[in-house]
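Engineer: So the sequence shown is numbered by the working numbering: it starts at 784 and just counts up by one. Ideal Cβ positions, reconstructed from N, Cα and C, are used throughout, including at glycine.
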Amino acid sequence: MVTKELRKALGYEKANLSSDLVHVTFNLFLSEILNTTDSSAGYVLKAANAVLVDKRFELLEKYRNNATELYEAVVRDLDFSRDAPEVVEEINSWVREKTDGEIEKLFDDLSPSTLLVLLNAVYFKGTWKTQFDPADTRDEIFFNNGLELEGREVPLMHMTSLFLYDSIDNFQVLELPFKGENVSMFILLPNKHDGLHSLEDSLTPEKLAEIQERLEDTKVDVSLPKFKLDFDEELSEEIQAIGANHIFNADADFSGMTPSTGVFVSEIRHKAIIEVNEEGSEAAAVTGNLIDRMKSPQFRADHPFFFAIVEKSSNMILFMGRVNNL
């Protein structure tokens, strides 16, 4: 029941993807895209994955092997009942190491009754292909939640250059490539200050892919806030909202993981950090008389917007989110 429900919730059933294909694809994703530290790639993307097992909990050998070989996870046998504080510090120290100190900690504490912890921590920082000049960054008003009364001054970066861009219906789209051009950030900016919710309601992965195909080279006046997003949330409600409910029940069937019964998920925690600032490669000059004669559209992100960081060769969304409050 658990396997079937998870496959349906994650879209694998609808796409007719076998479990073996899913495993192999994720392994390819991890090896070729995640844990990239080569400066020529234009971005740093690090993931820390771990399976922490209490000594009272029997984990099937096949599951251990899949976790380590296909998902590059560390599997550790620990004693939560006796050493919970030490285990917490060990977890947080390991995460700090894997993310170069960018993620300080995942847990403040763990219950001594904990049997199994699945960890995933991700850190991303990109280097723009075309950098913003820090001299052009100045404090300006960002309208938090799209409301004038909640506006506050934040550092707003400015640049005029050639980008892939389009204006579609009630929003604008801008592609900001990272150095190496394998990964780009797509920003969807509503025309109305309070238009983010309706924009998000209309988005699907298919529509986002279609939008990317529509973009054309355009000289654009860009104003974008510097931001660092630190996402740290318990995701049980979100997981249940997409249709995965049985994993939280005491009668859940985890026979693919353990021969033990009465096992269920009590918490799903995810932490991610994304940082955007002026850093980038040498600024590219805009050339061509045709471009110079064209009036540059204004892409002024001084109100809530949606973004997605996409790996171009696979069209895989690495991150997506919203900037709503700064």
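Any idea if phenylalanine 1111 is buried or exposed, counting beta-carbon neighbours within 10 angstroms, 16 or more meaning buried?
Structural biologist: The shown model of the chain, from 784 to 1109, leaves out residue 1111, and the question about it has no answer.
Engineer: Quick check: the stretch 964 to 981 against the stretch 1030 to 1041, are at least 3 beta-carbon pairs closer than 8 Å?
Structural biologist: no
Engineer: Name the two residues that bound the continuous beta strand (DSSP E) containing leucine 959.
Structural biologist: 954 to 960
Engineer: For a minimum of 3 consecutive residues, which ranges assigned as the beta strand (DSSP E) are wholly contained in the stretch 809 to 866?
Structural biologist: 826 to 837 and 857 to 861
Engineer: What three-state label does DSSP hand alanine 1060 in the structure shown?
Structural biologist: The question names alanine, but residue 1060 is asparagine in the sequence shown. Correct three-state label for asparagine 1060: coil.
Engineer: Please work out which residues of its chain come closer than 8 Å, Cβ to Cβ, to threonine 920, disregarding the five sequence neighbours upstream and downstream, and give them in chain order.
Structural biologist: Pro938, Leu939, Met940, His941, Lys1009 and Glu1061
Engineer: What is the residue span of the alpha helix (DSSP H) that alanine 1024 lies within?
Structural biologist: Counting along the chain, the unbroken alpha helix (DSSP H) around alanine 1024 starts and ends at 1019 to 1024.
Engineer: Hey, how far is the Cα of isoleucine 1092 from the Cα of alanine 833?
Structural biologist: 24 Å
Engineer: Please identify the residue among Ile1100, Ile924 and Arg1105 whose C-alpha is closest to the C-alpha of glutamate 989.
Structural biologist: Among Ile1100, Ile924 and Arg1105, the Cα nearest to that of glutamate 989 belongs to Ile1100.
Engineer: What does a CB cutoff of less than 7 Å around serine 1096 pick up in its chain, not counting 5 residues either side in sequence?
Structural biologist: Result list for serine 1096: Asn965, in chain order.
Engineer: Alpha carbon to alpha carbon, how far is leucine 979 from glutamate 1020? Give it in angstroms, no decimals.
Structural biologist: 22 Å
Engineer: Buried or exposed: where does leucine 842 fall if 16 or more other Cβ atoms within 10 Å of its Cβ makes it buried?
Structural biologist: buried
Engineer: Let me know if alanine 1024 comes out buried or exposed under the rule of 16 or more other beta-carbons within 10 Å of its beta-carbon.
Structural biologist: The residue in question, alanine 1024, is exposed, as its Cβ has fewer than 16 Cβ neighbours within 10 Å.
Engineer: Comparing C-alpha positions only, which one of Asp803, Glu931, Met1103 and Val1003 sits nearest to aspartate 977?
Structural biologist: Glu931
Engineer: Under DSSP, the beta strand (DSSP E) around valine 786 begins and ends at which residues?
Structural biologist: Reading off the sequence shown, one finds threonine at residue 786, where the question assumed valine. Not the beta strand (DSSP E): threonine 786 falls in the alpha helix (DSSP H), residues 785 to 792.
Engineer: Buried or exposed: which applies to proline 917, given that a residue is buried once 16 or more other Cβ atoms fall within 10 Å of its Cβ?
Structural biologist: Exposed, by the Cβ-count rule.
Engineer: Hey, leucine 889 and asparagine 875 are a contact pair by Cβ (cut 8 Å); roughly how many whole angstroms apart?
Structural biologist: With a contact defined as Cβ atoms closer than 8 Å, leucine 889 and asparagine 875 qualify at about 6 Å.
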